[in-house]
């Protein structure tokens, strides 16, 4: 039994990393990375800048709506286009992932 504990711990730690990877993959699959980057501004703000701006606020639903419907005026003159290819569930998952970034 004691021999199983270290491999089990490694497996659990690895599984804990999956949601972040899955949502980065989702951001890539939904073409978010054409305008955004995790660390730096491209056309739109970095995901980490978004997380910092809204730290401590309950904005996941509002961000999810921005992901689907687009918006303007928050991050400068370049508007974020609507992305109707992103489902509400995917938008909520992306918003939650973005706001959890440090």
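Residue numbers (mature numbering (1 follows the signal peptide of the UniProt record, and there is no 0)): -22 to -1, 1 to 80. Backbone N, C-alpha and C define an ideal beta-carbon position, used for all residues, glycine too. Since this is a predicted model, take the numbers as computed values, not measurements.
Counting only C-beta atoms, is residue 11 closer than 9 Å to chain D at any point?
Checking the listed chains, one finds no chain D in this structure; it contains a single protein chain.
Which residue wins for smallest C-alpha separation from residue 54, given the options 42, 20, 26?
Position 76 of the chain shown holds residue 54. Ranking the options by Cα distance to residue 54, first place goes to 20.
Three or more C-beta pairs below 8 Å linking the segment 2 to 16 and the segment 62 to 69
Yes, the segment 2 to 16 is in contact with the segment 62 to 69.
Please report the straight-line C-alpha distance between residue 78 and residue 58, rounded to a whole angstrom.
Counted from its first residue, the chain shown places residue 78 at position 100. Counted from its first residue, the chain shown places residue 58 at position 80. Per the coordinates, the alpha-carbon of residue 78 lies some 21 Å from the alpha-carbon of residue 58.
Give every residue of the same chain whose Cβ lies closer than 6 Å to the Cβ of residue 42, excluding the five residues on either side of it in the sequence, and list them in chain order.
Residue 42 sits at position 64 when you count from the first residue of the chain shown. Excluding residues within five positions, the ones whose Cβ falls inside 6 Å are 69, 70, 73.
Alpha carbon to alpha carbon, what distance is there between residue 26 and residue 40?
Here residue 40 is taken as the residue at index 62 of the chain shown, counted from 1. Here residue 26 is taken as the residue at index 48 of the chain shown, counted from 1. Going from the Cα of residue 40 to the Cα of residue 26 covers about 17 Å.
Give the straight-line distance between the Cα atoms of residue 30 and residue 67, rounded to the nearest whole angstrom.
Taking the first residue of the chain shown as position 1, residue 30 is located at position 52. Taking the first residue of the chain shown as position 1, residue 67 is located at position 89. If I take the Cα positions, the gap works out to 23 Å.
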